[in-house]
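Chemist: Per numbering that gives the first Met the number 0, the sequence shown starts with residue 0, numbered consecutively.
Just so you know, even glycine gets a beta-carbon here, dropped at the ideal spot from N, CA and C.
None of these values were measured; they are calculated from a predicted model.
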Amino acid sequence: MANIAAVTDAEFEAQVLKSDKPVLVDFWAEWCGPCRQVSPILDEIAAQHGDKVTFFKMNVDENPVTPSSYRVTGIPTINVYKDGEVVKSIVGARPKATLLNELSDFIA
Numbered sequence: 000m001a002n003i004a005a006v007t008d009a010e011f012e013a014q015v016l017k018s019d020k021p022v023l024v025d026f027w028a029e030w031c032g033p034c035r036q037v038s039p040i041l042d043e044i045a046a047q048h049g050d051k052v053t054f055f056k057m058n059v060d061e062n063p064v065t066p067s068s069y070r071v072t073g074i075p076t077i078n079v080y081k082d083g084e085v086v087k088s089i090v091g092a093r094p095k096a097t098l099l100n101e102l103s104d105f106i107a
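(1) Along the beta strand (DSSP E) that carries residue 89, what are the first and last residues, could you check?
(2) Considering only C-alpha positions, which residue in the set 30, 2, 6, 14 is nearest to residue 82?
(3) Identify whether residue 59 lies in helix, strand or coil by the three-state DSSP scheme.
(4) With burial defined as no fewer than 16 other Cβ atoms inside 10 Å of the residue's Cβ, what is the status of residue 53: buried or exposed?
(5) Which residues in the same chain have their Cβ closer than 7 Å to the Cβ of residue 100, if we skip the five residues on either side of it in sequence?
(6) Please report the straight-line C-alpha distance between residue 0 and residue 67, rounded to a whole angstrom.
(7) Go through its chain and collect everything with a Cβ distance to residue 29's Cβ below 8 Å, but skip five positions before and after it.
(8) Alpha carbon to alpha carbon, how far is residue 62 from residue 51? Give it in angstroms, no decimals.
(9) Report the start-end ranges of each beta strand (DSSP E) in the region 21-60 that is 3 residues or longer and not cut off at the edges.
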């Protein structure tokens, strides 16, 4: 199992926006039940596809600036960033097959 690294507001630009490969960011919170459902699924996807996409988690309670600047109003929200732009946004928990399908442009 992969253990997805956390990213903070302070690190976001350098780690995510300036990355040379696509970056998936899971916006979550400790109290969010659906976030806990998605977390092990993302760990599995990261273990299989971490060579193509960089994976990060961002706790929205500890890092309020970035989620608000990207209009993250519901969690879990999974954003994929490429060349500093959001190219995919998935709001809400999804089964693994659905997530893989929605992310297929980046992990294929």
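Modeler: With the structure as the only source:
(1) Residues 84-90.
(2) Proximity to residue 82 across 30, 2, 6, 14 peaks at 14, based on C-alpha coordinates.
(3) Coil.
(4) Around the beta carbon of residue 53, 16 or more other beta carbons lie within 10 angstroms, which makes this residue buried.
(5) Scanning its chain for C-beta atoms nearer than 7 Å, with the 5 sequence neighbours on each side dropped, one finds no residue around residue 100.
(6) For residue 0, the pLDDT reaches just 43, beneath the cut-off of 50, and the residue's location in the model is therefore unreliable, although a value from the coordinates is still provided. Between residue 0 and residue 67, the alpha-carbon positions lie close to 30 Å from each other.
(7) If we look at residue 29 and ignore the five residues flanking it on each side, its Cβ neighbours are 58, 60.
(8) Cα-Cα distance, rounded: 26 Å.
(9) If we require 3 residues or more, the beta strand (DSSP E) runs fully inside the region 21-60 come out as 22-27, 53-58.
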